[in-house]
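In the working numbering, the protein residues as written are 4 to 75.
Reviewing the structure listed below.
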Amino acid sequence: MRALIDKVFRKSMMERFDLTLKECGDASGKKILDIGCGPRRIVVELARRGTYVVGIDFSQKMIDLADSLSKK
């Protein structure tokens, strides 16, 4: 159910996520700084693909959310 809700209501966010990863291409072994990373979904995916990534955000709530998501 959640996947359906995400697909319908977060379509532009998912498109931006996919486009960002596509534009990064094979970034394994590269270093990337994500400023305003929010919940770090892109940071986590790029790290999973072998990229050294640092994400920063001014919002403590986003940092806390990012920490919890990156531990899953």
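By construction, the Cβ of each residue, glycine as well, lies at the ideal position given by its N, Cα and C atoms.
> Out of curiosity, what's the CA-to-CA distance linking F61 and M4?
Replying inline: The straight-line gap separating the alpha-carbon atoms of F61 and M4 is approximately 32 Å.
> Taking V47 as the reference, which of L72, T23, G32, K25 has the closest Cα?
Replying inline: Among L72, T23, G32, K25, the Cα nearest to that of V47 belongs to L72.
>> Output needed for G39: all residues of its chain with C-beta closer than 8 Å, excluding positions within five of it in sequence on either side, in chain order.
In response: Excluding five sequence positions before and after G39, the CB atoms of its chain that fall closer than 8 Å to its own CB belong to I59, D60, F61, given in chain order.
> Between D9 and the rest of its own chain, which residues show a CB-CB distance below 6 Å, the 5 nearest in sequence each way excluded?
Replying inline: Residues of the same chain with a CB within less than 6 Å of the CB of D9, apart from the 5 flanking positions on each side, do not exist.
> Can you name the start and end residues of the beta strand (DSSP E) that K10 belongs to?
Replying inline: Bounds of any beta strand (DSSP E) do not take in K10; it lies within the alpha helix (DSSP H) bounded by 5–12.
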